[in-house]
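Just below is one structure, and these are the notes that go with it.
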Amino acid sequence: MGMLHVEVKIKICGKEQVFGPGIAQLLTNVRKSGSVKEACGRMGMSYSKGWKIVNRAEKELGIRLIERQHGGKSGGSCQVTEQGLKMLERFESMEKELEGTAAEMFRTYFPEYEAERRTEAETL
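Anchor point for the sequence shown: position 45 equals 33 in the numbering used here, and the numbering is continuous, going up by one each time.
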């Protein structure tokens, strides 16, 4: 028997998904690069899809996630807003807490896999 573990994917939804791991990664990348285009490129996502996701989330959440400064001679730039940073931080905190809870539940419901993991770790 191989080692097993539980994975949890969190999505905040209305009629459609509003916020989840994808937009969280996009905001993190925008924060690092100052560019939605570069952030999308790092994720293998089209620029138009990235903006579609951001615009839908902003509309559903009623907050601005990204502050846009349109181009000019040197091009535009973007930064994650204070509200966007708070949303990202809260999402990541909730995600981490739920992952811990899910791991505890996994150990409760599937203890034989946890015991096997300890046994394998002890033999190394």
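Yeah, the Cβ is synthetic: ideal placement off N, Cα and C, and Gly gets one too. Quick caveat, the model's predicted, so the values are computed rather than measured.
Burial state of cysteine 1, where buried means 16 or more other Cβ atoms lie within 10 Å = Sixteen is the threshold: since fewer than 16 other Cβ atoms of the shown chains lie within 10 Å of the Cβ of cysteine 1, the residue is exposed.
First and last residue of the beta strand (DSSP E) that includes isoleucine 54?
-> Run containing isoleucine 54: 54 to 57, per the beta strand (DSSP E) assignment.
DSSP-derived helix/strand/coil call for phenylalanine 98 | Coil, per DSSP.
Note the first and the last residue of the continuous alpha helix (DSSP H) segment covering serine 36.
-> Serine 36 -> alpha helix (DSSP H) spans 35 to 49.
Among Lys(-3), Val18, Val(-4), nearest to leucine 73 - alpha-carbon criterion | Comparing alpha-carbon positions, the option among Lys(-3), Val18, Val(-4) lying closest to leucine 73 turns out to be Val18.
Compute the Euclidean distance between the alpha carbons of serine 23 and phenylalanine 98, then round it to the nearest angstrom.
-> Note on geometry: alpha-carbon atoms of serine 23 and phenylalanine 98 lie some 44 Å from one another.
State whether the stretch 24 to 40 contacts the stretch 83 to 101, with contact taken as three or more CB pairs (one from each stretch) at a distance under 8 Å.
-> In short, these stretches do not touch, since the Cβ pair count stays below three.
Please classify cysteine 81: does DSSP put it in a helix, a strand, or coil?
-> It is worth fixing the name first, because residue 81 is serine in this sequence and not cysteine. Correct three-state label for serine 81: helix.
Kindly indicate which residue of Met93, Glu80, Glu100 has the alpha-carbon position closest to the one of glutamine 13.
-> When only C-alpha atoms are compared, the closest one is Glu80.
Under 8 Å between the Cβ atoms of glutamate 55 and glutamine 67?
-> Result yes, Cβ atoms of glutamate 55 and glutamine 67 sit closer than 8 Å.
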